[in-house]
Every structure is written in structure tokens, then in C-alpha cells.
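In my numbering, the protein residues as written are 1 to 596.
Note that the Cβ used here is the ideal one computed from N, Cα and C, for glycine as well.
Everything numeric in this text was worked out from a predicted model, so none of it was measured.
Working notes, beginning with the structure itself.
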């Protein structure tokens with residue numbers, strides 16, 4: 001393995017070895033020379049337009065939208081042919097942007113009111129949309145800002161008659177280092193030439209990572225300003241396991257990474273092999289591992305990783321990928337597709353969790369500006385105040401229940417009265433569907449998310465109105481510890497192993513089980529192999545996570561006993577230090593996973 005990394009090392013490599021850190025986005029190790037790609041914004045001129053020229057400006061705008069649509073459709077066809085249908089779905093969101101009547105309408109209204117050229121108007125309107133989505137906490141939904149930015153740049157290029165940016169200059173095998181890579185740029189990368197992808201910005205769900213996954217190359221994102229510190233031809237190691245990029249690696253580092261790559265590849269093969277086996281502990285306890293999804297096309301990924309159903313289908317994407325509220329029929333088609341795709345496995349569909357960090361850019365009136373949106377008008381509160389929108393979704397979910405094992409779940413429930421109101425609206429929808437003669441599952445299970453401390457404290461009051469609970473650890477931790485998890489100054493205080501969190505989880509699980517209510521965990525803790533045994537030991541009935549985490553969690557489940565997990569949880573509940581509890585969980589994990 002040493003030869004595979006050191007053979008290409010140049011004899012004159014005298015530069016100092018430097019290590020930079022980012023976010024591990026796609027596992028793997030690569031070594032090679034760098035190709036630096038800088039994606040720059042289009043320079044937009046601004047000038048006044050006489051009213052008699054407005055028609056011409058709108059015509060130019062329409063033509064630019066048409067040409068952009070043709071370009072994206074062509075790229076989509078190429079991606080479908082070269083990478084597959086799943087990767088081509090990336091560009092559906094791009095085409096939706098071009099059909100966004102709110103975006104188009106605002107641009108034309110800006111032309112009429114400001115009398116400035118259409119490029120300037122479109123640039124300012126699209127920038128507002130980009131900003132709105134950039135501030136969303138949800139990683140996946142935040143990436144939609146990249147969709148809008150990519151499309152906006154193409155439209156502006158076509159309005160200005162400029163050539164489109166691309167990575168077509170990439171020649172020979174190279175590690176692509178970029179400030180950012182748009183979906184259309186990443187789609188143009190020669191699959192045989194890219195060894196790895198590294199970006200200054202981005203997250204694990206960025207489109208560059210999705211394309212890198214299809215190309216089966218490592219990816220590290222969020223490596224700030226690396227493009228300013230590196231040049232074409234530099235030699236680097238990309239460590240997609242730990243999110244590390246090593247510039248000018250020494251021979252000893254190359255040798256060490258050769259061994260690491262060998263061990264990692266061996267470990268991954270064990271994970272893949274274990275994932276074909278059932279999730280049963282060594283003392284014979286079966287554990288249910290489910291998938292969290294946000295889009296219809298993710299059903300394929302959930303099944304690929306052998307999820308035992310969908311434990312959380314976030315429906316916000318349907319609303320955030322459009323400038324208008326989707327109709328009952330549009331929602332029904334999406335929910336039905338997921339239900340049929342996962343059948344006979346269950347699908348838990350969560351009703352809208354809009355608001356907070358997830359506003360609808362095309363519908364600002366639905367979400368008035370708030371000083372503290374996380375504590376404000378969001379999720380079930382929004383739905384109960386907007387009954388028409390809520391009832392459309394409930395009827396769509398009910399109708400989809402006729403096509404698979406569908407369960408419905410209300411988010412952000414704070415207490416018994418709120419749950420009762422939501423159930424009452426659901427009963428109205430059932431009556432309306434019966435009157436229509438529309439079939440649905442009369443016995444469809446209805447559950448509640450437990451993510452607010454008031455709900456955690458009143459499980460006994462909520463139990464009569466629900467068939468199951470699902471713990472959303474992300475918000476539960478945030479609200480219990482009064483920690484804004486996206487505030488960099490206090491993010492270090494966001495501790496899943498805080499004794500208050502463990503005691504709250506134990507209370508939820510014990511109280512629910514007293515009332516014979518099953519409880520799943522669907523937050524980030526569920527997909528972390530270090531925390532999974534703790535959650536199971538505390539009493540969680542199932543875990544739901546990003547599909548890609550299922551092999552790691554399943555491997556650990558098969559390597560442990562439930563008795564040991566319960567002993568871990570019991571000991572953790574007696575401890576006072578979050579760091580010591582984490583260390584105990586980490587030691588449990590490492591002792592059973594073996595060498596990685």
C-alpha cells in the first residue's frame with residue numbers, strides 16, 4: 001500500500017507539510033496534484049431603462065430563462081446517462097427555480113418600479129431568496145440556496161451573453177479544490193479525472209458531495225480559504241474520513257496514510273457485510289433501524305442501506321422547493337410514492353415543521369418576522385393557525401395510507417391541548433374523506449414528536465392521544481439546555497451527554513412504556529454509533545437516522561449485547577460530567593467496533 005501513495009511523490013517536494021481541517025463529507029483517501037477552480041460571481045451592470053423599453057427587457061428575460069432551461073435540461077440528460085437517474089434528480093430543483101412565479105413576478109415588478117435593467121432586478125431579487133435559504137438551520141434545506149445561486153448565475157450569464165463556467169479544463173487525474181462547486185459545474189467533471197473534491201464552503205449535503213458519491217471519490221468541504229493557500233500542481237492528501245487535507249505530505253505521512261487506507265477499506269468491507277445481516281444483538285435482541293428522508297427520491301437510498309422503514313419523512317422540502325403551497329393532490333402523489341416505494345415497511349410522515357429557521361421565501365406573509373423564531377410561530381402552531389394548509393396535508397397523508405403502511409406524526413407538540421386540537425382537525429379530515437368516498441387506513445397510527453421539555457414532562461397526559469412517540473434530540477437538547485446550536489459562541493455547550501438530557505430521555509421512555517407506547521429516536525444522536533448503545537440501553541424501541549449511518553450502527557448492534565447497553569446507560573445516569581459520560585460511551589463503542 002505504501003507504493004500506491006509514494007510512487008507519485010515528486011523528488012523535489014521540499015515544501016513544508018501543512019494540515020488543514022474541514023468537514024468529512026465522503027469517506028476515502030486520495031493523493032495527487034491539485035486543480036484549483038474558482039467560481040466567481042457574474043459582474044452585473046446597472047443602468048436606467050426607459051418605460052417604452054420595458055417590453056424588450058421582459059422579452060430578454062424570458063429568452064434567458066428559456067435558454068437556461070434548455071442548458072439545464074441538457075446537463076440533466078447527460079448526468080442521467082453518465083451517472084444515473086438518481087443523480088439527475090438534482091436538477092429538478094433547478095428547473096423548479098426557473099418556473100418560480102414569485103421569483104419571476106418580483107423581478108418584473110422591480111423593473112417596473114425601479115426602472116433599472118432586468119439583470120440588476122433579477123440579481124437583487126434572487127439574492128434575497130439566496131439569503132433566506134442560507135439562514136436555514138436544516139443542512140439539507142440550506143443547500144437549496146446553492147440551487148438558486150447556480151440557476152441565477154446561469155440566467156445572468158445568458159442575459160449578458162457570457163460563456164458559462166465549467167470544469168471542462170480539468171485534464172489528467174487531479175484533486176479538485178474549489179471555493180464552491182455548483183451542481184452544473186460538478187456534473188461536468190470528468191469522472192475518470194477527479195480523484196477527490198475539496199471545497200472552501202458547503203456541507204455534507206451539498207450537491208458536490210452528491211456527485212462525488214456517485215463518482216465514488218472522497219470529499220472534504222468547509223475547508224475555509226484553502227483556494228487562497230494552494231495552487232495548481234500542489235500535491236495533497238485528502239482524508240475523507242476525518243475531514244483533513246494535508247498539503248505537501250512527507251514520505252512518512254504518505255506511508256502512514258497508506259496503512260490507514262488499507263485498514264479503512266478492510267473495515268468498510270466488514271460494515272457492508274454486516275449490513276446484509278439482521279440488526280440483532282449478541283444476546284438475541286432485535287433492533288429496528290429506520291431512515292430519515294426529505295425527498296421522494298431518497299427512498300432508493302433508504303432501501304439501498306436496508307432501512308426497516310422510514311422513521312421520519314420531513315415534508316418541508318415539498319413546500320420549500322416551490323414558490324407556492326403545494327396542493328392536496330401534489331402532496332398525495334409524493335406521499336403515495338414514498339409509501340409504495342417502502343412497502344411493506346412503515347413510513348412515518350411528519351406534518352409541516354415550517355417556521356423558525358425554515359421560512360417559505362416565496363410566501364413571506366405566512367411567516368411574519370420574529371425576534372426569536374425558534375420559540376415562535378412554527379410547526380404545529382403554524383398548522384393550527386392555517387387550517388386550510390394543514391387540512392390539505394392531512395387529507396393527502398390519509399389518502400396515501402391506502403397504498404402502504406403510513407403513520408402520521410405531529411411535530412413540536414407542547415402539551416395535551418395542542419395534541420387534542422391537532423387530532424380534532426385530523427378527525428375532520430377523515431370525515432371529509434369518508435364523505436367523498438375516498439379510501440384510507442382507518443387504523444392509521446398517529447404519533448407525536450417529543451422535542452419540547454413541556455411535552456417530555458407530560459408524557460402521561462399525551463399518551464391517551466397518541467399511538468407512538470418519536471424523540472427529536474436536536475431540538476430537545478437545544479431547548480432543555482437553552483443552547484442555540486448554530487450560535488458559534490455557545491455551540492460548545494450543546495452536549496448530548498449532559499445529565500439533564502439523559503434523565504429527560506429516561507423519563508420519556510419510562511413514562512411512555514408505562515402506557516405501552518413505543519418510542520423511536522430520530523435526531524442526530526440516533527445515527528451516531530457512539531450514542532446509539534446509550535439510547536438503546538435507556539429503552540429506545542427503534543432508531544431512525546440518515547441512511548448512510550445504518551451500516552455503522554448495525555455493525556455495533558451486532559457486536560454488543562443489550563445487557564451491556566443497559567449497564568452503560570445505568571452507569572451514565574449516575575455520572576455528573578458530560579465529558580466523562582461521552583468518554584464512557586466512546587470507550588464502549590471502540591471496544592466493540594474493533595480496529596478501523
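Rounded C-alpha distance that separates residue i from residue j
| i | j | result |
| --- | --- | --- |
| residue 259 | residue 265 | 10 Å |
| residue 242 | residue 92 | 32 Å |
| residue 18 | residue 158 | 41 Å |
| residue 275 | residue 551 | 5 Å |
| residue 433 | residue 394 | 10 Å |
| residue 576 | residue 510 | 21 Å |
| residue 220 | residue 262 | 19 Å |
| residue 513 | residue 387 | 32 Å |
| residue 528 | residue 549 | 7 Å |
| residue 519 | residue 458 | 15 Å |
| residue 417 | residue 479 | 20 Å |
| residue 424 | residue 516 | 23 Å |
| residue 112 | residue 156 | 19 Å |
| residue 396 | residue 233 | 55 Å |
| residue 464 | residue 481 | 28 Å |
| residue 293 | residue 52 | 50 Å |
| residue 581 | residue 268 | 27 Å |
| residue 472 | residue 16 | 46 Å |
| residue 218 | residue 414 | 42 Å |
| residue 587 | residue 455 | 32 Å |
| residue 228 | residue 378 | 41 Å |
| residue 247 | residue 182 | 24 Å |
| residue 452 | residue 470 | 12 Å |
| residue 539 | residue 506 | 7 Å |
| residue 546 | residue 25 | 13 Å |
| residue 324 | residue 104 | 13 Å |
| residue 224 | residue 22 | 7 Å |
| residue 277 | residue 304 | 13 Å |
| residue 196 | residue 327 | 41 Å |
| residue 389 | residue 161 | 42 Å |
Same chain, Cβ closer than 6 Å to residue i, neighbours up to 5 away in sequence not counted
| i | result |
| --- | --- |
| residue 474 | 523 and 524 |
| residue 361 | Per-residue confidence for residue 361 stands at a pLDDT of 49, beneath the threshold of 50, marking its modelled position as unreliable; no derived number is given. |
| residue 391 | 429 |
| residue 421 | 384 |
| residue 536 | 565 |
| residue 426 | 394 |
Spatial neighbours of residue i in its chain, beta-carbon cut-off 7 Å, leaving aside the 5 residues before and after
| i | result |
| --- | --- |
| residue 592 | 556, 559 and 560 |
| residue 226 | 20, 177, 198, 200 and 245 |
| residue 602 | Because the chain here runs from 1 to 596, residue 602 falls outside it and cannot be looked at. |
| residue 46 | 116, 117 and 120 |
| residue 534 | 568, 569, 572 and 585 |
| residue 332 | 396, 399 and 400 |
| residue 48 | 115 and 116 |
| residue 334 | 296 and 318 |
| residue 336 | 400 and 403 |
| residue 108 | 58 |
Cβ separation of residue i and residue j, assumed to be a contact under 8 Å, to the nearest whole Å
| i | j | result |
| --- | --- | --- |
| residue 339 | residue 403 | 5 Å |
| residue 154 | residue 71 | 6 Å |
| residue 496 | residue 477 | 6 Å |
| residue 406 | residue 441 | 7 Å |
| residue 145 | residue 174 | About 27 Å; that fails the 8 Å criterion. |
| residue 542 | residue 290 | 6 Å |
| residue 554 | residue 152 | That pair is no contact at about 42 Å. |
| residue 230 | residue 34 | 6 Å |
| residue 532 | residue 544 | Contact flag wrong, Cβ pair sits at about 11 Å. |
The ligand COA heavy atom lying under 7 Å from the CB of residue i
| i | result |
| --- | --- |
| residue 407 | The ligand content of the structure shown is nil, which means the ligand COA is not present either. |
Proximal residues to residue i (C-beta, below 8 Å), its chain only, five neighbours per side dropped
| i | result |
| --- | --- |
| residue 461 | 415 and 416 |
Quick check: the stretch 434-448 against the stretch 403-415, are at least 3 beta-carbon pairs closer than 8 Å? Counting Cβ pairs under 8 Å, three or more are found: they touch.
Three or more C-beta pairs under 8 Å: does that hold for the stretch 278-286 against the stretch 551-563? Because the criterion of three Cβ pairs below 8 Å is met, the stretch 278-286 and the stretch 551-563 touch.
Which whole runs of the beta strand (DSSP E) in the stretch 500-575 are 3 residues long or more, in chain order? Runs found: 519-521 and 542-545.
Please go through the stretch 199-282 and give each complete alpha helix (DSSP H) segment of 4 or more residues, from N-terminal end onward. Counting only runs that start and end inside the stretch 199-282, the alpha helix (DSSP H) elements of at least 4 residues fall at 207-215 and 251-275.
Can we say the stretch 342-351 touches the stretch 307-315, given the rule of at least three CB pairs closer than 8 Å? Enough Cβ pairs lie closer than 8 Å, so yes.
For the structure I just gave you, are there three or more beta carbon pairs, one from the stretch 92-100 and one from the stretch 42-51, closer than 8 Å? No: the two stretches stay apart, fewer than three of their Cβ pairs being nearer than 8 Å.
Examine the Cβ distances between the stretch 117-124 and the stretch 47-61 and report whether three or more of them are shorter than 8 Å. Three or more beta-carbon pairs separated by less than 8 Å link the stretch 117-124 to the stretch 47-61, which places the two stretches in contact.
If contact is defined by three or more beta carbon pairs under 8 Å, each pair taking one atom from either stretch, is the stretch 22-34 in contact with the stretch 225-237? Taking a cut-off of 8 Å on C-beta distances, the stretch 225-237 touches the stretch 22-34, as three or more cross pairs fall below it.
Stretch pair the stretch 66-82 + the stretch 290-310: three plus CB contacts closer than 8 Å: The stretch 66-82 and the stretch 290-310 do not touch, with fewer than 3 CB-CB distances between them shorter than 8 Å.
Which whole runs of the alpha helix (DSSP H) in the stretch 84-128 are 4 residues long or more, in chain order? Listed in chain order, the complete alpha helix (DSSP H) runs (minimum 4 residues) inside the stretch 84-128 are 85-88, 90-98 and 101-114.
Which ranges would you report for the beta strand (DSSP E) in the stretch 388-462 if only whole runs of at least 3 residues count? Whole beta strand (DSSP E) segments, 3+ residues: 405-410 and 446-450.
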